[in-house]
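According to this note's numbering, the sequence shown is numbered sequentially starting from 682.
In what follows, a structure is listed as structure tokens, so that the remarks can point back to it.
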Amino acid sequence: MMWNRKKKKQANQALEKKDLSIHDVRQAVHAYADDKPQSVPLSVLIHEDLTLDYELLSPYLHAIPTKIYYMSRETYQIFEEEDYQLAKDMDVVQEAVDEYMKQTQEIPIIESDPYKRINYYKLEKLNLLPYRPNREFYMTNEEFMITYKKPEN
């Protein structure tokens with residue numbers, strides 16, 4: 682068993698670092714998702730600090746990215762290094778929205794807001810937000826997922 686682990690590390694060391702775009706990384710994640718067994722969650726690709734496991738992605742990337750990319754555990758969106766806080770905020774708000782809906786059977790949006798903006802006050806009232814993000818999030822039309830992109834009306 683140990684021999685296999687050592688062999689894997691040596692193979693990984695042979696991979697060169699390359700300037701890979703976020704598009705390249707997204708394609709690799711999609712290919713990994715298509716190939717993985719159904720019983721394996723996509724979240725295995727995400728380290729505790731939201732960085733991606735390039736060792737698992739190496740068969741698809743054929744290199745290690747020079748840039749750091751992050752992936753939201755809750756929405757599986759991939760972000761560049763400068764958007765790390767956005768990835769963290771998405772996870773915090775999506776978790777809070779899910780828990781709010783579980784407790785109240787309601788969607789925590791601002792009443793009569795045409796953009797379905799998330800109501801932080803409703804989430805805070807139930808102590809579901811550890812902090813209030815400095816940006817707005819919106820409810821999408823798919824499976825109660827949030828987005829940071831303001832919908833077009």
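Heads up, the beta-carbon is just placed ideally off N, CA and C, and yes, glycines get one too.
By DSSP, does residue i sit in helix, in strand, or in coil?
| i | result |
| --- | --- |
| Ser746 | Per the sequence shown, residue 746 should be read as Pro rather than Ser. Looking at Pro746 - three-state DSSP - the assignment turns out to be strand. |
| Met771 | helix |
| Leu810 | coil |
| Tyr751 | strand |
| Ile827 | strand |
| Thr785 | helix |
| Ala692 | Residue confidence for Ala692 is low, a pLDDT of 47 falling below 50, so the modelled location carries little weight and cannot support an answer. |
| Ile791 | coil |
Where residue i and residue j are concerned, what is the direct C-alpha to C-alpha distance, given to the nearest angstrom?
| i | j | result |
| --- | --- | --- |
| Glu755 | Glu697 | 30 Å |
| Val710 | Leu726 | 8 Å |
| Lys831 | Ala695 | 43 Å |
| Arg798 | Tyr819 | 4 Å |
| Glu839 | Tyr796 | There is simply no residue 839 to check, as the chain begins at 682 and stops at 834 in what is shown. |
| Asn822 | Asp779 | 15 Å |
| Arg707 | Met782 | 30 Å |
| Asn808 | Leu731 | 24 Å |
| Leu670 | Val774 | Lying before the first or after the last residue shown, residue 670 is absent from the chain, which here runs from 682 to 834. |
| Leu701 | Glu761 | 11 Å |
| Leu810 | Tyr801 | 8 Å |
| Gln719 | Tyr713 | 11 Å |
| Leu733 | Leu723 | 11 Å |
| Ala777 | Asp764 | 20 Å |
| Glu805 | Phe825 | 19 Å |
| Asp715 | His728 | 20 Å |
| Leu738 | Lys717 | 11 Å |
| Asn685 | Val721 | In this predicted model, Asn685 has a pLDDT of only 46, less than 50, meaning its place in the structure is not dependable; the value taken from the coordinates is given anyway. Between Asn685 and Val721, the C-alpha separation is close to 21 Å. |
| Asp705 | Lys769 | 22 Å |
Report back the beta-carbon spacing between residue i and residue j to the nearest angstrom; my notes put them in contact at under 8 Å.
| i | j | result |
| --- | --- | --- |
| Ile703 | Tyr750 | 6 Å |
| Lys699 | Thr747 | 7 Å |
Going by beta-carbon coordinates alone, are residue i and residue j separated by less than 9 Å?
| i | j | result |
| --- | --- | --- |
| Glu829 | Arg813 | Before going further, note that residue 829 is Tyr rather than Glu in the sequence given. Not a contact, by the Cβ cut-off of 9 Å. |
| Met752 | Ile827 | no |
| task | Flag this pair as touching only if the region 779–787 and the region 732–746 have three or more C-beta atom pairs under 8 Å; answer yes or no. | result | Verdict: no, contact absent.
| message | Does the contact criterion of 3 or more C-beta pairs under 8 Å hold for the region 790–810 versus the region 751–771? | response | The answer is no - the region 751–771 does not touch the region 790–810, with fewer than three Cβ pairs under 8 Å.
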